[in-house]
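Notes to accompany the following structure.
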Amino acid sequence: MPRTVIDLDQSSTILDVAERIGAAGADEDIVAMGAAGAPWLRNAVFLDVARRLAEPRRFALVTSDQRARSFAASMHVPAYSSVSALDRHELDATERLVRRPADPRGRASRLRGPAVTGRRLAILGSLAAAAVLVLAVVVPEATVVVAPTTRALGPLDLQIRAGPGEIERVVLSETLTTKVQGAATGSREELVRAKGSVVLSNRQTQSRPIARGTVFRTSENIQFEATAERTLPASIIFGPVPLTVGTVDVPVEAVAAGPSGNVAAGRITTSPAPNDYIINNPQPTTGGDAKKIPIVQPQDYTAATSNARLAPAVRERADARLAEWRTRPPANTYVVPRVYTTVTSVTPESAVVGKEVETFDLTVSFVATAFAVPRDEPRKTALARLVDSATRGNTVPESTVQYEETLMGDDTNSGLISWSVRISGSELARVDHDGIRRGLAGRGLDEIDGVLEGAGVRLVRTERQPSWWPRLPVLDGRIRVGEVPATASR
12 MPRTVIDLDQ SSTILDVAER IGAAGADEDI VAMGAAGAPW LRNAVFLDVA
62 RRLAEPRRFA LVTSDQRARS FAASMHVPAY SSVSALDRHE LDATERLVRR
112 PADPRGRASR LRGPAVTGRR LAILGSLAAA AVLVLAVVVP EATVVVAPTT
162 RALGPLDLQI RAGPGEIERV VLSETLTTKV QGAATGSREE LVRAKGSVVL
212 SNRQTQSRPI ARGTVFRTSE NIQFEATAER TLPASIIFGP VPLTVGTVDV
262 PVEAVAAGPS GNVAAGRITT SPAPNDYIIN NPQPTTGGDA KKIPIVQPQD
312 YTAATSNARL APAVRERADA RLAEWRTRPP ANTYVVPRVY TTVTSVTPES
362 AVVGKEVETF DLTVSFVATA FAVPRDEPRK TALARLVDSA TRGNTVPEST
412 VQYEETLMGD DTNSGLISWS VRISGSELAR VDHDGIRRGL AGRGLDEIDG
462 VLEGAGVRLV RTERQPSWWP RLPVLDGRIR VGEVPATASR
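Listed below in structure tokens is the structure:
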């Protein structure tokens with residue numbers, strides 16, 4: 012038969028194995044090549060699941076992991092250290108020869124008594140007829156009242172999984188988004204020029220143009236330049252006395268940016284032509300500043316996308332979706348209180364690095380996955396295993412069952428849902444009325460307890476007619492079996 016070789020890397024889980032086996036041909040044997048240390052090789056149960064998924068095809072394991080090969084042997088899975096070893100030791104399918112049980116029906120032998128004739132025969136016949144008549148009149152009868160006993164069952168410590176071969180599960184999956192905020196640690200300094208205005212007063216009788224860019228100074232040599240062109244009107248002077256002084260307001264801006272350009276009123280007093288006009292600033296200049304502008308750096312993006320920042324945001328959004336799933340589960344199921352997440356995309360670095368903002372938001376897309384299982388699981392599966400451990404024919408009353416379950420962790424984030432279960436109870440013997448009658452027929456009184464113990468019941472009382480008769484009736488039809496409620500075995 013052709014075979015399919017499945018190559019599985021060190022990160023492969025049992026879900027990956029199940030998917031690959033499902034994709035293989037229905038008429039091809041399966042050879043799984045597992046990397047040492049892979050999650051699906053760490054547990055013998057996983058190997059048993061893989062073998063069952065491959066049925067009716069033959070399944071073999073090739074791995075260098077000696078522990079995994081040991082697990083495989085315990086699960087009756089052929090395991091080899093290499094493909095060449097597999098080729099050298101390929102096993103042919105053999106069929107067991109099942110020995111037919113011997114026909115339980117034996118041949119009844121016939122015993123022939125010696126022939127009796129004459130008077131002897133007549134005497135024997137008369138005696139036999141008399142004996143039958145006596146027995147028919149005085150045949151005893153009995154009533155045996157019994158109580159079925161219970162026996163402690165378990166406790167059984169089980170590990171039950173939701174997945175192929177055990178508990179059917181429904182996969183719930185959705186792509187979600189969330190926001191993660193980062194802070195800018197970089198910055199640049201931006202200097203702003205101070206602004207204000209000066210008043211020029213003309214000392215001459217001619218008007219004078221004031222060009223844009225004309226520089227004025229304070230006594231500390233803080234320079235300001237005119238930001239607009241103005242014309243200084245002429246003054247009217249009679250002798251040494253000015254009758255009318257021509258003035259003009261000129262907007263100015265500090266030559267050097269920064270807070271040094273903020274000067275008080277009356278500080279700008281030096282002009283380039285002091286003989287032609289005088290200058291003063293009646294109001295202080297303002298607005299000079301050194302602003303610190305935040306800038307997003309690459310390390311800011313790295314910090315925002317670290318697992319320490321992404322994981323809590325993703326977990327919070329996923330838990331919220333899980334709560335919604337649990338509120339509205341699929342019909343006849345409940346959602347296991349665990350959600351798995353896989354991040355698929357994050358806002359790229361180029362979209363935020365270099366931006367002049369104090370904080371920035373990143374959009375994170377991820378897939379949230381949860382699982383729903385039937386409402387009565389894993390209790391139903393655990394109870395079935397407890398019943399299987401009981402003696403055949405006995406019952407396990409639901410009222411006697413003690414049950415504890417714990418959802419096991421999944422540190423590898425493999426998607427494995429499993430429970431640790433402890434279950435115990437009591438098995439109740441079935442009262443086989445016909446079997447008890449047959450077993451008691453013709454028995455002595457001292458044998459009753461032994462027969463009933465073998466039947467899983469306890470004697471409560473016997474009632475015999477006649478009461479002096481030393482044995483139970485030979486005919487089981489003359490024995491009645493009564494039953495009272497079960498009692499605990501001692």
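Residue numbers for the sequence shown follow my numbering, so the first one is 12 and each next one is one higher.
Heads up, the beta-carbon is just placed ideally off N, CA and C, and yes, glycines get one too.
Please read all numbers here as calculations on a predicted model, not as lab measurements.
Classification of residue i by the beta-carbon crowding that lies within 10 angstroms, buried from 16 upward
i: Leu254; result: exposed
i: Phe227; result: buried
i: Ser95; result: exposed
i: Ser75; result: exposed
i: Arg123; result: Caution is warranted here: a pLDDT of 46 is assigned to Arg123, below 50, making its placement in the model unreliable, and the coordinate value is therefore given only provisionally. Arg123 is exposed by the Cβ-count criterion.
i: Arg223; result: exposed
i: Arg449; result: exposed
i: Gly299; result: buried
i: Leu108; result: Residue confidence is low: Leu108 scores 35 on pLDDT, short of 50, so the model does not pin down where it sits. Its coordinate-derived value is still stated next. Exposed, because fewer than 16 other Cβ atoms sit within 10 Å of the Cβ of Leu108.
i: Thr296; result: buried
i: Glu438; result: buried
i: Phe249; result: exposed
i: Thr313; result: exposed
i: Ala79; result: buried
i: Gly436; result: buried
i: Pro348; result: exposed
i: Gly404; result: exposed
i: Val325; result: buried
i: Ser93; result: exposed
i: Glu177; result: buried
i: Leu97; result: buried
Contact belief for residue i with residue j at Cβ below 8 Å, rounded distance in angstroms
i: Ala46; j: Leu19; result: 6 Å
i: Gly193; j: Asp59; result: That pair is no contact at about 48 Å.
i: Glu360; j: Pro309; result: 7 Å
i: Glu240; j: Val263; result: Going by Cβ atoms, the distance from Glu240 to Val263 rounds to 13 Å, so no, they are not a contact pair.
i: Val157; j: Val442; result: 6 Å
Closest residue to residue i among the options (Cα-Cα distance)
i: Ala379; options: Thr358, Thr406, Gly426; result: Gly426
i: Leu418; options: Asp445, Val363, Val346, Thr358; result: Val346
i: Val155; options: Glu39, Trp479, Val471; result: Val471
i: Val266; options: Pro285, Thr281, Gln234, Gly455; result: Gln234
i: Ala205; options: Arg69, Val256, Ile279, Val495; result: Ile279
i: Asp287; options: Ala158, Arg219, Val325; result: Arg219
i: Ala342; options: Leu183, Arg62, Val16; result: Leu183
i: Pro503; options: Leu333, Ser93, Val209; result: Lying before the first or after the last residue shown, residue 503 is absent from the chain, which here runs from 12 to 501.
i: Val432; options: Leu97, Arg390, Ala440, Arg491; result: Arg390
i: Ala329; options: Trp51, Glu185, Arg69; result: Glu185
i: Thr374; options: Val16, Thr188, Val256, Ala314; result: Thr188
i: Glu152; options: Gln476, Arg337, Asp445; result: Gln476
i: Val495; options: Arg469, Val350, Arg482; result: Arg469
i: Gln77; options: Glu66, Pro89, Pro67; result: Pro89
i: Ile434; options: Ser400, Ala35, Leu97, Ala79; result: Ser400
i: Lys303; options: Trp336, Thr352, Asp260, Ala195; result: Ala195
i: Pro13; options: Arg337, Gly257, Glu177, Asp40; result: Asp40
i: Ile290; options: Ala163, Thr229, Lys366, His444; result: Thr229
i: Leu243; options: Ala284, Gly207, Gly277; result: Ala284
Residue i, DSSP secondary structure in three states
i: Asp300; result: strand
i: Arg326; result: helix
i: Asp460; result: helix
i: Glu360; result: helix
i: Ala43; result: strand
i: Asn232; result: coil
i: Ala379; result: strand
i: Asp422; result: coil
i: Asn343; result: coil
i: Arg441; result: coil
i: Leu397; result: helix
i: Glu494; result: strand
i: Gly124; result: Annotation note: pLDDT 46 at Gly124 (below 50); position unreliable, no value reported.
i: Asp168; result: strand
i: Pro50; result: helix
i: Lys206; result: strand
i: Pro67; result: coil
i: Ser478; result: coil
i: Arg180; result: coil
i: Ala34; result: helix
i: Arg433; result: strand
i: Ala245; result: coil
i: Gln77; result: helix
Q. For the 8 Å Cβ check, are there 3 or more pairs between the stretch 316-326 and the stretch 270-282?
A. No, they do not touch.
Q.
For the pair the stretch 456-467 and the stretch 485-499, tell me if three or more CB-CB distances fall below 8 Å.
A. Too few Cβ pairs lie closer than 8 Å, so no.
Q.
Does the stretch 368-382 come into contact with the stretch 209-218, if we say contact requires no fewer than three beta-carbon pairs (one atom in each stretch) closer than 8 Å?
A. No contact exists between the stretch 368-382 and the stretch 209-218.
Q: Tell me, please, whether the stretch 161-181 touches the stretch 391-410 by the rule of three or more beta-carbon pairs shorter than 8 Å.
A: Segments in contact, yes.
Q. Per the contact definition of three or more C-beta pairs closer than 8 Å, is the stretch 195-203 in contact with the stretch 385-392?
A. At 8 Å Cβ cutoff, the stretches do not touch.
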